[in-house]
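Undergrad: Let me begin by handing over the structure; questions about it come next.
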Amino acid sequence: MLENFDRFIFRFFVFWYICGVILLTFDILPPSLEWANTVFLVLTGVLGAIFLIKQYGRILGTVLSILIVIITFIVEGVGVHYGILFGDYFYNPDFGLILFEVPFTIGAAWLMVVSTTHVIARAYTWRIQNKWLEWLSYTLLGSLAAVIMDIVLDPVAFQVKEYWIWTAGGFYYDIPFSNFFGWFVLAFILHTVVYLTLQLVGKWTGYKDTYWEPRMVWLYVMVLIMFVILGVTHQLWLAVLISLVLSIPLVIGYNKWKES
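Mapping the sequence shown onto the working numbering, position 168 (from 1) lands on 216, and the numbers just tick up by one.
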């Protein structure tokens, strides 16, 4: 039972995900169940951590997970307090446990973002022989994949759910361009940390967990689909269109270029 507990977690997430999509799509989530959104985000982070541990070992996977969460909290904390990188914004107090004005769930969400986009970006770049070009290609593509997710995630989270509030508007659903630039920069930093750490310990290539690696791509697609559905139901057509146009070729390319 314990050996397959990680797989049970994934199946439980799928169940939670389906329930959440139904409740949110038809806007029948009662206020008393708003905490379910926090559980959803925590579960995505747990899945990201499980992948890293299964793929790279218990110690290294745990270290990478902790580094991602810590770096995220530092950057998000600076952003909330000083408006650096993302722009001027603040989080809704209802968005789970908040530490230093940053929700705990944000660290979990970024753990999911990095784990899923790591798998996608590595599939495109693992054949590159030059280390400098490999690092640059991997980090750029991983960061782009993260921004593609945010293109639909941020409008829904802001306009529909109000998980966070922008104090200064922008051309894209009143979201400043600095937010997407900030996503790219933070993702670039996190992917660089992952790449350098794996290269340092000699685990950039080698063992591949055939169960968890494809499920990270599934997780990426599932999160995108959920926000696309919410975008459609609330008529955020531009966000839906851009995210689909960019994400579909990305995922198709992963299936073509991934390691056999």
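In this text, a Cβ means the ideal position worked out from N, Cα and C, and glycines have one as well.
For V128, which of helix, strand or coil comes out of DSSP?
TA: Position 80 of the sequence shown holds residue 128. In this structure, V128 counts as helix in the three-state DSSP scheme.
Undergrad: Report all residues from its chain with a CB closer than 7 Å to the CB of L188; omit the five preceding and five following residues, and keep chain order.
TA: On the sequence shown, residue 188 is found 140 positions in, with the first residue counted as 1. Counting only Cβ-Cβ distances below 7 Å, and skipping sequence neighbours, we find nothing.
Undergrad: What does the alpha-carbon distance come out to for the pair V271 and A194?
TA: Against the sequence shown, residue 271 aligns to sequence position 223. Against the sequence shown, residue 194 aligns to sequence position 146. Distance between the alpha carbons of V271 and A194 is about 12 Å.
Undergrad: Please classify V150: does DSSP put it in a helix, a strand, or coil?
TA: In the sequence shown, the residue the question calls residue 150 occupies position 102. If DSSP states are grouped into helix, strand and coil, V150 belongs with the strands.
Undergrad: Can you pull the DSSP bridge partners for W183?
TA: Along the sequence shown, one-based indexing puts residue 183 at 135. The partner list for W183 (beta bridge, DSSP) is empty, contrary to what the question assumes.
Undergrad: Taking A97 and V161 to be in contact with their CB atoms under 8 Å, please state how far apart those CB atoms are, rounded to whole angstroms.
TA: As a first step, residue 97 is located in the sequence shown; it is residue number 49 there, counting from the start. As a first step, residue 161 is located in the sequence shown; it is residue number 113 there, counting from the start. In fact, because the Cβ distance is near 13 Å, the residues do not count as touching under 8 Å.
Undergrad: Assuming G155 and F121 make a contact with CB atoms under 8 Å, what is their CB distance in whole Å?
TA: As a working note, residue 155 is residue 107 in the sequence shown. As a working note, residue 121 is residue 73 in the sequence shown. That pair is a contact at about 6 Å.
Undergrad: Anyone know if the C-beta pair for T215 and D136 falls short of 8 Å?
TA: For this step, residue 215 is matched to residue 167 along the sequence shown. For this step, residue 136 is matched to residue 88 along the sequence shown. Contact: yes.
Undergrad: For P203, count neighbouring Cβ atoms within 10 angstroms of its own Cβ and tell me buried if that reaches 16, exposed if not.
TA: Numbered from 1 along the sequence shown, position 155 holds the residue referred to as residue 203. So P203 counts as buried.
Undergrad: Does DSSP put W212 in a helix, in a strand, or in coil?
TA: As a first step, residue 212 must be located in the sequence shown, where it is residue number 164. Three-state DSSP puts W212 in a strand.
Undergrad: Tell me, which residues are paired with F138 by DSSP?
TA: In the sequence shown, counting from the first residue as 1, residue 138 sits at position 90. In the DSSP output, where bridge partners are listed per residue, F138 has I213.
Undergrad: With a cut-off of 8 Å, do at least 3 Cβ pairs link the segment 253 to 263 to the segment 102 to 118?
TA: These segments touch.
Undergrad: From the DSSP secondary-structure annotation, give me the bridge partner or partners of Y220.
TA: Along the sequence shown, one-based indexing puts residue 220 at 172. Paired residues: I223.
Undergrad: Out of F74, K179, C67 and L95, point me to the one whose CA is closest to A84's CA.
TA: Taking the first residue of the sequence shown as 1, we reach residue 84 at position 36. Closest by alpha carbon: C67.
Undergrad: Pick helix, strand or coil for R175, following the three-state DSSP scheme.
TA: On the sequence shown, residue 175 is found 127 positions in, with the first residue counted as 1. Looking at R175 - three-state DSSP - the assignment turns out to be coil, as it is neither helix nor strand.
Undergrad: Please report how far the alpha carbon of L267 lies from the alpha carbon of S291, in whole angstroms.
TA: Numbered from its first residue, the sequence shown carries residue 267 at position 219. Numbered from its first residue, the sequence shown carries residue 291 at position 243. L267 and S291: Cα-Cα distance of roughly 16 Å.
Undergrad: If you count every other CB in all the chains shown that lies within 10 Å of the CB of R59, and 16 or more means buried, which is it?
TA: Within the sequence shown, numbered from 1, the residue matching residue 59 stands at position 11. Classification of R59: exposed, given that the 10 Å Cβ count is below 16.
Undergrad: CB-CB under 7 Å to L115, same chain, minus the five flanking residues each way: which ones, in chain order?
TA: Here residue 115 is taken as the residue at index 67 of the sequence shown, counted from 1. Only V241 meet the Cβ criterion.
Undergrad: If we ignore side chains and look at the alpha-carbon of each, how far apart do I196 and W231 end up?
TA: For the purposes of this step, residue 196 is identified with residue 148 of the sequence shown, where counting begins at 1. For the purposes of this step, residue 231 is identified with residue 183 of the sequence shown, where counting begins at 1. Taking the straight line from one Cα to the other gives about 10 Å.
Undergrad: May I ask you to report which of helix, strand or coil DSSP gives F74?
TA: Indexing the sequence shown from 1 puts residue 74 at position 26. In the structure shown, F74 sits in coil (DSSP, three-state: anything other than H, G, I, E or B).
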